[in-house]
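What follows is a set of notes on a single structure, which appears directly below.
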Amino acid sequence: MTVVLEATDAVVRRGPREVLHGVSLALHEGDAVALVGPNAAGKSTLVRTLAGLLRPERGRVLLRGRAVAQWDRDARARTLALVTPEEDAPAALTVEDRVALGRYPHCGPFRPLRSDDHAAIAAALAVTGIEALARRALQTLSAGERQLAALARGLAQQPRVLLLDEPGAHLDVGHQLGLFRVLDQARAGGVAVLAVVHDLQRAAAWAGRMVLLDEGRVAAEGPPDEVLTSAEAARAFRVSVRAHALPGASHPLYSFEEP
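The sequence shown begins at -19 in my numbering and counts up one residue at a time.
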């Protein structure tokens, strides 16, 4: 499959502290990649670096073969969407208007929305299951509903790369299942999806590939069952991990215990 986003030996500082130490990672069309790791491993920093919001001190990040920093903002946003749990938007903005912001890279802030823009907005609201919230102000929503609105905005961009930082935060189990169903639909359409996921069981069930980040370095990468049962995962999370095969289940159940 074609590589659409690639970091090579990326070294990133935030203030005086070096957070990423030579990280290399490639995303291909149709990828479903779970980025996991303990707290303060550098996951959010890596996602923002891949999105072009942070520049590596050394190494490089390429979006479709071109340095991500060289893309103009709108062209990059037509190709890559970033969804984070702390997205800032005016509280009085309606959900529909929030999602419509995802069309600005395509039409600009001053041109009226066209039929294709309205269709993209409607599709994003529908696939995330928040059509009924379209006229609601963001300030009236729960944290989980705001998270779904942020995801819908990212989908309205119609990107080829979708990066998500803790997309399941604030969502109940039913909405989490719906979220990953939506990500699967995007992936089936050829979109490369990378998500920071703290629920390791959920990450293993969804992802085709798992990347374990520990202390700013890629400690392990590969099929989720291999990564989660590796010595690197036990060391990173400071737990012992066991996989349990269940009759009729497509994925093992993992248990975690203090060593």
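Built from N, CA and C at the ideal position, the CB exists for glycine as well.
Keep in mind it's a predicted model, so treat the numbers as computed, not measured.
For the alpha helix (DSSP H) that residue i lies in, which residues bound it at each end?
i, result
"Leu128", "123 to 136"
"Arg215", "211 to 217"
"Phe160", "153 to 168"
"Glu237", "Taken as a continuous stretch (DSSP letters only), Glu237 belongs to no alpha helix (DSSP H), being part of the beta strand (DSSP E) at 233 to 237."
"Val27", "23 to 30"
"Ala102", "95 to 107"
"Glu76", "75 to 80"
"Arg222", "Not the alpha helix (DSSP H): Arg222 falls in the beta strand (DSSP E), residues 220 to 224."
"Ala57", "53 to 59"
"His86", "84 to 87"
Among the options, which residue has its Cα nearest to the Cα of residue i?
i, options, result
"Pro203", "Ala12, Ala(-10), Arg(-3)", "Ala12"
"Val79", "Ala225, Thr64, His98", "His98"
"Asp68", "Ala129, Val(-1), His8", "Ala129"
"Ala136", "Ala149, Ala166, Ala117", "Ala166"
"Val141", "Gly148, Gly170, Ala149", "Gly170"
"Leu34", "Asp96, Val(-9), Thr108, Gly148", "Val(-9)"
"Ser235", "Ala187, Gly196, Leu60, Leu180", "Leu180"
"Gly158", "Ala71, Ala106, Asp205, Ala114", "Ala106"
"Gly(-5)", "Pro36, His86, Ala(-13)", "Pro36"
"Ala123", "Val219, Leu7, Ala71", "Ala71"
"Leu263", "Leu113, Asp52, Ala172", "Any property of residue 263 remains undetermined from this structure, which presents the chain solely from -19 to 239."
"Val63", "Val27, Asp164, Arg115, Arg161", "Val27"
Does the separation of the CB atoms of residue i and residue j fall below 8 Å?
i, j, result
"Leu93", "Leu143", "no"
"Leu192", "Val207", "yes"
"Leu32", "Arg56", "Checking the displayed sequence, the identity of residue 32 turns out to be Gly instead of Leu. Yes, the Cβ-Cβ distance between Gly32 and Arg56 is below 8 Å."
"Arg182", "Gly134", "no"
"Val177", "Val(-16)", "no"
"Leu43", "Ala(-13)", "no"
"Pro239", "Val219", "yes"
"Glu195", "Ala21", "yes"
"Ala172", "Gly45", "no"
"Val75", "Arg197", "no"
By DSSP's criteria, residue i is part of a beta bridge. Which residues make up the other side?
i, result
"Gly289", "Outside the displayed range of the chain (-19 to 239) lies residue 289, so it cannot be described from this structure."
"His8", "Val(-17)"
"Val3", "Ala(-10)"
Residue i to residue j, Cα distance in whole Å?
i, j, result
"Arg138", "Arg83", "In the sequence as displayed, the identity of residue 138 is Gln instead of Arg. Answer to the nearest angstrom: the Cα atoms are 9 Å apart."
"Ala47", "Ala100", "28 Å"
"Ala214", "Glu146", "21 Å"
"His224", "Ser210", "15 Å"
"Ser24", "Val(-1)", "10 Å"
"Gly39", "Arg189", "23 Å"
"Leu5", "Pro232", "26 Å"
"Ala187", "Gly154", "18 Å"
"Ala117", "Thr108", "17 Å"
"Leu60", "His1", "24 Å"
"Leu151", "Asp(-11)", "34 Å"
"Glu111", "Ala104", "9 Å"
"His86", "Ala102", "16 Å"
"Asp77", "Asp96", "15 Å"
"Thr(-18)", "Leu81", "29 Å"
"Gln119", "Arg58", "27 Å"
"Ala49", "Pro65", "23 Å"
Could you tell me the boundaries of the beta strand (DSSP E) in which residue i lies?
i, result
"Ala14", "12 to 16"
"Thr(-12)", "-17 to -6"
"Leu43", "38 to 43"
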